[in-house]
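**Q** Submitted below is the structure of interest, expressed as structure tokens.
In our numbering, the protein residues as written are 125 to 237.
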């Protein structure tokens, strides 16, 4: 049985910083923002999320990290979102999609791994 995707909103994410809805995903500290945002605005939101939600000095967990070291790791993509598993291991799951995929949502993500 295929479960239909859903469109997440602010309440499905961990926090909102500078008007951008942000969550971590996976086990490596990667971050995802709903919508396509410019890299510098996304950088600010991800950095704020790491400091306030994760307790890190910044998303790289490195006080000397600079935007130039990470700007190319901030990318746009499209995902379909699906509700989490029944065991409560995760709230939602994002699956790679294209802009033509039914239910696809634009996202900006940061891969820190």
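The beta carbon of each residue, even a glycine, is placed where N, CA and C say it ideally should be.
Residues in its own chain within less than 6 Å of residue 172 by CB, not counting five upstream and five downstream?
**A** In the chain shown, the residue the question calls residue 172 occupies position 48. If we look at residue 172 and ignore the five residues flanking it on each side, its Cβ neighbours are 141.
**Q** Opposite residue 219 in the DSSP bridges: which residues?
**A** The residue given as residue 219 occupies position 95 in the chain shown. Partner(s): 204.
**Q** Out of 135, 224, 144, 181, which has the shortest C-alpha to C-alpha gap to residue 165?
**A** The count along the chain shown starts at 1 and reaches residue 165 at position 41. Ranking 135, 224, 144, 181 by Cα distance to residue 165 puts 144 first.
**Q** Looking at the unbroken beta strand (DSSP E) that takes in residue 154, where does it start and where does it end?
**A** Taking the chain shown and counting its residues from 1, the one referred to as residue 154 is at position 30. Start and end: 154-158.
**Q** By Cβ distance, which residues of its chain are closer than 7 Å to residue 158, with the 5 residues on each side in sequence left out?
**A** Against the chain shown, residue 158 aligns to sequence position 34. If we look at residue 158 and ignore the five residues flanking it on each side, its Cβ neighbours are 132, 137, 145, 229, 231.
**Q** Going by DSSP in three states, residue 228 sits in which element: helix, strand or coil?
**A** Walking along the chain shown from the start, residue 228 turns up at place 104. Correct three-state label for residue 228: coil.
**Q** Tell whether a beta-carbon distance below 8 Å holds between residue 129 and residue 206.
**A** Numbered from its first residue, the chain shown carries residue 129 at position 5. Numbered from its first residue, the chain shown carries residue 206 at position 82. Closer than 8 Å, so yes.
**Q** Going by C-alpha distance, which of 215, 197, 219 is nearest residue 163?
**A** Along the chain shown, one-based indexing puts residue 163 at 39. Nearest of 215, 197, 219 to residue 163, Cα basis: 197.
**Q** Determine which residues share a DSSP beta bridge with residue 147 and list them.
**A** Locating residue 147 in the chain shown gives position 23, where the first residue counts as 1. Paired residues: 156.
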